[in-house]
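Engineer: Please read through the structure below; I'll follow up with questions.
Chains as they are written, first to last, in my numbering: chain A, 1 to 336; chain B, 1001 to 1186.
Here it is as structure tokens:
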């Protein structure tokens, strides 16, 4: 039995280490600031482990050593006292050196977090209960566009996120790219991010913000500049016109029902601003802040009963007939 | 003595129950809530039976009042009614309800609109949302304080808080009433 446990230990260690990889892990750093944070984490963990082991060795030795035969209390062994004071002074000096070393390195590591160099792109991210509103700014106001829960950035460029909470405090955290930054109502915060490698990185609200805090995820998609430009150009376009009669019926239902009072679809009469912009909802990876992959089925399920899927969110259950539900979901899925 | 202490503990513990939040209405319930019976003149009437079966959830439930406060901002009520003081639209603070202070009247005003500019929100909000908003609007100019109140504003208060019955003072007959011709106190 013991042997089995011993044999399974390396496997268990590998399993635990596997948690360090993946699309949402500070140990799998793909951004400039995440890399310097990772170095800091490793340095502190290694040094603390060494210190812990030394302390444990000293403790075990002290516990296991045979006590010297008792002498009279006034009988001072000068040599022993000298050794003890040297040892204790060395331990105090080592503590001071280690802690000052940590202070200095973490100071320089955090200073490196604000990426040096000019910003190539500014993105405004607002945190709401419980989704992320993302605004991109073009050269003219006509080139601005909005999306939700999905942020595209070019690889190897400095991107500045302007962060602000719209209702309560949220926190913007993409562990593979950068550290956390809070989104506070009435106080704009900024975070510089530079993705070193292309990929899809998952982010998550890191400040408890209410019932559905756990379902407040987003994705950062880092892609080469050419792909990013193509994506931005596509997002700038108004929504696609319905291609078939079903989508057209869906658009009609969307505009005449309460949907249009909260959601925008650019190029139509829907100009609500309280909910996510749905102009290109079909092109996003997920809906409802990472709750489901975007498919026609998941869209229909979400519209039919949002309060069962994500209790407490601000999307009401709108009464739609069977045909309306089918056509609205077809229309939204077609908004690529 | 010990029995009394135990009883006191049980009574106190019973107060720990949290206010219930009705996050999802079954579609038949939501439909039924829409079926108010209004007087022919469009003022006052009776809410549907289900309203009482649910224990008048939109008047005494802090969560619903708070949702109403959010909807007040979301649906742009303040563009005409300001923060309750009124503007192009009537004030809610002065305690003079053009169509009466009953929940059904307020519900009908929001859902179906009223002459002289109040738009209908029938196609913009669900029945549940309209009830929530009506409950909130009623508290802005309440005659009597409630135990439940929406959360306070983040920014400066521009008027008395909703749970302070701001309209009560307007109907205080006192030595010098605010409205000389007010009639009987509601």
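The beta carbon of each residue, even a glycine, is placed where N, CA and C say it ideally should be.
(1) When you compare the CB of residue 991 of chain B with every CB in chain A, is at least one pair closer than 7 Å?
(2) Where does residue 132 of chain A fall in DSSP's three states?
(3) Run through chain D and tell me which residues come within less than 7 Å of residue 318 of chain A, C-beta to C-beta.
(4) So residue 280 of chain A packs on residue 335 of chain A, CB below 8 Å; how close in whole Å?
(5) For a contact defined as C-beta to C-beta under 8 Å, what are the partners of residue 257 of chain A on chain B?
(6) Could you compute how far the alpha carbon of residue 1153 of chain B sits from the alpha carbon of residue 277 of chain A?
(7) How many Å lie between residue 319 of chain A and residue 1025 of chain B at the Cα?
(8) For residue 1160 of chain B, which of helix, strand or coil comes out of DSSP?
(9) Tell me whether the beta-carbon of residue 150 of chain A lies closer than 7 Å to the beta-carbon of residue 126 of chain A.
(10) Against chain B, with Cβ distances strictly below 7 Å, would residue 114 of chain A count as a contact?
(11) Indicate whether at least one CB of chain B lies closer than 7 Å to the CB of residue 354 of chain A.
(12) Would you verify that the beta carbon of residue 289 of chain A is, or is not, closer than 7 Å to some beta carbon of chain B?
(13) Output needed in chain order: residues of the region 171-198 of chain A with a Cβ under 7 Å from some Cβ in chain B.
(14) Strictly under 7 Å for the Cβ-Cβ distance: is residue 300 of chain A near chain B by that measure?
(15) Listed in chain order, which residues of the region 94-106 of chain A have Cβ atoms closer than 7 Å to some Cβ of chain B?
(16) Near residue 310 of chain A, which residues of its chain fall below 7 Å by C-beta distance, leaving aside the five closest residues on each side in sequence?
(17) First and last residue of the beta strand (DSSP E) that includes residue 151 of chain A?
(18) Counting only Cβ pairs nearer than 7 Å, list the residues of chain A close to residue 1157 of chain B.
(19) CA-CA distance, residue 312 of chain A and residue 1161 of chain B?
(20) Are at least three pairs of beta-carbons, each pair with one atom in the region 265-277 of chain A and one in the region 234-241 of chain A, less than 8 Å apart?
(21) Who does residue 1052 of chain B pair with in a DSSP beta bridge?
(22) For residue 268 of chain A, does the three-state DSSP call read helix, strand or coil?
(23) Is residue 173 of chain A helix, strand or coil by DSSP?
(24) Any contact between the region 97-108 of chain A and the region 176-184 of chain A? By contact I mean 3 or more CB pairs, one from each, below 8 Å.
(25) Which residues of the region 23-46 of chain A have a Cβ closer than 9 Å to any Cβ of chain B? Give them in chain order.
(26) Does the contact criterion of 3 or more C-beta pairs under 8 Å hold for the region 1076-1094 of chain B versus the region 215-227 of chain A?
(27) Do residue 162 of chain A and residue 143 of chain A have their CB atoms nearer than 7 Å?
(28) Would you mind sorting residue 322 of chain A into buried or exposed? The rule is 16 or more other CB atoms within 10 Å of its CB.
(29) What are the boundary residues of the beta strand (DSSP E) that residue 205 of chain A is part of?
(30) Compute the beta-carbon to beta-carbon distance between residue 130 of chain A and residue 186 of chain A, rounded to the nearest angstrom, for a pair I have assumed lies under 8 Å.
(31) Which residues of the region 1005-1036 of chain B have a Cβ closer than 8 Å to any Cβ of chain A? Give them in chain order.
(32) Between which two residues does the beta strand (DSSP E) carrying residue 160 of chain A extend?
(33) Compile a chain-ordered list of the residues in the region 1139-1163 of chain B whose CB is closer than 8 Å to at least one CB of chain A.
(34) Quick one: does residue 1074 of chain B have its CB under 7 Å from some CB of chain A?
Structural biologist: Taking the geometry as given:
(1) In the structure as shown, chain B begins at 1001 and stops at 1186. Residue 991 of chain B is therefore absent and cannot be evaluated.
(2) Collapsing the DSSP output to three states places residue 132 of chain A in a strand.
(3) Of the protein chains in this structure, namely A and B, none is chain D.
(4) Right, their Cβ atoms sit about 6 Å apart.
(5) Residues of chain B with a Cβ closer than 8 Å to the Cβ of residue 257 of chain A are, in chain order, 1123.
(6) About 26 Å.
(7) The straight-line gap from Cα to Cα measures roughly 11 Å.
(8) In the structure shown, the three-state DSSP call for residue 1160 of chain B is coil.
(9) Contact annotation: residue 150 of chain A and residue 126 of chain A have beta-carbon atoms that are not nearer than 7 Å.
(10) Not an interface residue.
(11) The requested residue 354 of chain A does not occur in the structure, where chain A is confined to residues 1 to 336.
(12) Cβ-Cβ to chain B under 7 Å: no for residue 289 of chain A.
(13) Taking 7 Å as the Cβ-Cβ cut-off against chain B, the residues of the region 171-198 of chain A that qualify are 185.
(14) No, residue 300 of chain A does not count as interfacial toward chain B.
(15) Within the region 94-106 of chain A, contact with chain B at the beta-carbon level (separation under 7 Å) is assigned to no residue.
(16) Same-chain partners within the cutoff: 212, 215, 288, 291.
(17) Counting along the chain, the beta strand (DSSP E) containing residue 151 of chain A begins and ends at 150-154.
(18) One finds nothing in chain A with a Cβ atom closer than 7 Å to the Cβ of residue 1157 of chain B; even the nearest lies about 16 Å away.
(19) Cα-Cα distance, rounded: 25 Å.
(20) Proximity of the region 265-277 of chain A to the region 234-241 of chain A meets the contact definition, three or more beta-carbon pairs being nearer than 8 Å.
(21) None; residue 1052 of chain B has no bridge partner.
(22) In this structure, residue 268 of chain A counts as coil in the three-state DSSP scheme.
(23) Strand, per DSSP.
(24) With the cut-off at 8 Å, the region 97-108 of chain A and the region 176-184 of chain A do not touch.
(25) For the region 23-46 of chain A, the set of residues with a beta-carbon nearer than 9 Å to any beta-carbon of chain B is empty.
(26) Contact check between the region 1076-1094 of chain B and the region 215-227 of chain A: fewer than three CB pairs, one atom from each, fall below 8 Å, which does not count as touching.
(27) For residue 162 of chain A and residue 143 of chain A, no; Cβs fall outside 7 Å.
(28) Looking at its Cβ environment, which holds fewer than 16 other Cβ atoms inside 10 Å, residue 322 of chain A is exposed.
(29) First-last of the beta strand (DSSP E) with residue 205 of chain A: 199-205.
(30) Under the criterion of beta carbons closer than 8 Å, residue 130 of chain A and residue 186 of chain A do not qualify as touching, at roughly 19 Å.
(31) Only 1021, 1023, 1024, 1025, 1027, 1030, 1031 from the region 1005-1036 of chain B bring a Cβ to less than 8 Å from some Cβ of chain A.
(32) Its beta strand (DSSP E) spans residues 159-165.
(33) Those would be 1154, in chain order.
(34) At least one chain A Cβ lies under 7 Å of residue 1074 of chain B.
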